[in-house]
Amino acid sequence: MSGVPDGVRLGELLHRTGKSVVHAGTTDAGEPVVVKTITTDEPYWVRCRARELATCAAFAERPPGFVAPRVRYADERTTVYARLPGVRLHDRRHLDADLPPATVAAVRAAVRAVAAWSPPGGTAWSALDGDPAPDPSATIAAEHANGLLSDGERDALHRLADRLGPARAFAHGDPIPTNILLHDGAAVLVDWELSGPRLPGYDWAVLFVTGAAASPALAAAVLAETDRAELRDAFTVNLGLLLCREIRIHRDLPAPAGLDRLRALWRRRLTAGGS
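Structure, rendered in structure tokens:
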């Protein structure tokens, strides 16, 4: 039976959603921990938890050049992590103000470090059984069917995706402001349940979609990082599909400020690179 293990005392409730409950805690030895319990049986979220545990195991086998989560205990529903110090970059999904240069530099360094790491066994990430890597071509078709891409945008994205081929890189998968901790001048990424193989530059595109409208400094940093031959086309594909996702997320909610402006910028990139 799953539950809080012996030797761990629950403390403050940190977060509660329809899929999980997260508490602060302390071990009998005085180590601060985070206790995360999945509360749903939906296959998608069960796979996400399995993916996060697999990523943590990979970090333990091949320590990365950045601070990574360490699992202290796991059963079928509950995971106990060593608690990482720091405060969230922001308490919402989207930034609402510009970031100071030092913070931009810290976030940039954190995402760059993740991009430089490869899982054990080489650069190819072995997806979990029954959990294949996302297929950008299928996502392009789905967003077109949803009415979020025009025929021309769909065709241009398919051309770029075909040009990119099978190249994939390990990514955090969800470096939104709530998943970035700041501590002692450095940034640390948490919540790795969407990690795995993605088109190169995926994490940069997530940062851009959730932070660029409010933070010109962050926008400039992301565009500088992705203005390279090996990332330019992939960033354009990632950005377009993530903007579609963001529109879907906010269909019944107020849209974040600046989303239309980001979409216009993306269309200019697509016109320049997808012909």
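Residues in the sequence shown are numbered consecutively from 0, following numbering that gives the first Met the number 0. Ideal placement from N, C-alpha and C gives every residue a C-beta, glycine not left out.
Original post:
Excluding the five sequence neighbours on either side, which residues of its own chain have a C-beta within less than 6 Å of the C-beta of A168, listed in chain order?
Top reply: P199, listed in sequence order.
Original post:
What residue range is occupied by the uninterrupted alpha helix (DSSP H) comprising F234?
Top reply: For F234, the uninterrupted alpha helix (DSSP H) segment begins and ends at A228 to I248.
Original post:
R267 to L98, Cα distance in whole Å?
Top reply: 25 Å
Original post:
Out of curiosity, what's the CA-to-CA distance linking S214 and A96?
Top reply: 6 Å
Subject >> Of the residues I179, T39, R61 and G29, the one placed nearest V20, counting alpha carbons only >> reply: Among I179, T39, R61 and G29, the Cα nearest to that of V20 is on T39.
**OP:** Assign L230 to one of two classes, buried (16 or more other C-beta atoms within 10 Å of its C-beta) or exposed (fewer than that).
**Re:** buried
**OP:** Count the C-beta pairs between the segment 205-214 and the segment 144-157 that are closer than 8 Å, then say yes if the count reaches three, no if not.
**Re:** no
Subject >> Buried/exposed call for L94, threshold 16 Cβ in 10 Å >> reply: buried
**OP:** Buried or exposed for L9, please, with buried defined as at least 16 other CB atoms from any protein chain shown within 10 angstroms of its CB.
**Re:** exposed
Subject >> Sequence-distant residues of the same chain with beta carbon closer than 7 Å to S136, five excluded per side >> reply: H157 and A160
**OP:** Tell me the start and end of each unbroken alpha helix (DSSP H) in the segment 102-167 that is at least 4 residues and wholly inside, in chain order.
**Re:** 135-144 and 150-163
Original post:
Is it the case that the Cβ atoms of P4 and Y72 are separated by a distance below 7 Å?
Top reply: Their beta carbons are under 7 Å apart, which means P4 touches Y72 by this criterion.
Original post:
What do you reckon, are the CB atoms on L206 and P174 nearer than 7 Å?
Top reply: yes
**OP:** Classify D128 as buried or exposed, calling it buried when 16 or more other Cβ atoms lie within 10 Å of its own Cβ.
**Re:** In this prediction, D128 scores a pLDDT of 49, lower than 50, which makes its location untrustworthy; the coordinate-derived value is nonetheless stated afterwards. Under this definition D128 is an exposed residue.
**OP:** For R260, I'd like the list of residues in its chain whose CB is within less than 8 Å of its CB, leaving aside the five on either flank, ordered along the chain.
**Re:** A212
Subject >> Segment contact, 8 Å Cβ cut-off, at least three pairs: the segment 98-118 with the segment 33-50 >> reply: no
Original post:
How would you label H14, buried or exposed, when you count the other beta carbons within 10 angstroms and need 16 or more for buried?
Top reply: exposed
Original post:
Hey, is the segment 234-246 in contact with the segment 184-191, meaning 3+ C-beta pairs nearer than 8 Å?
Top reply: no
Subject >> Alpha-carbon spacing of G239 relative to P133, whole angstroms >> reply: 15 Å
**OP:** Determine the DSSP secondary structure at G6, reduced to helix, strand or coil.
**Re:** coil
Original post:
Cα separation between D90 and T209?
Top reply: 12 Å
Original post:
Whose C-beta lies closer than 7 Å to the C-beta of T36 among residues of the same chain, with five residues either side of it excluded?
Top reply: S19, V20, R76 and T77
Original post:
Where are the beta strand (DSSP E) runs, 3 residues long or more, that stay fully inside the segment 18-49, in chain order?
Top reply: 19-26 and 31-37
**OP:** Return the first residue and the last residue of the alpha helix (DSSP H) that G200 is part of.
**Re:** Per DSSP, G200 belongs to no alpha helix (DSSP H) and is neither H nor E.
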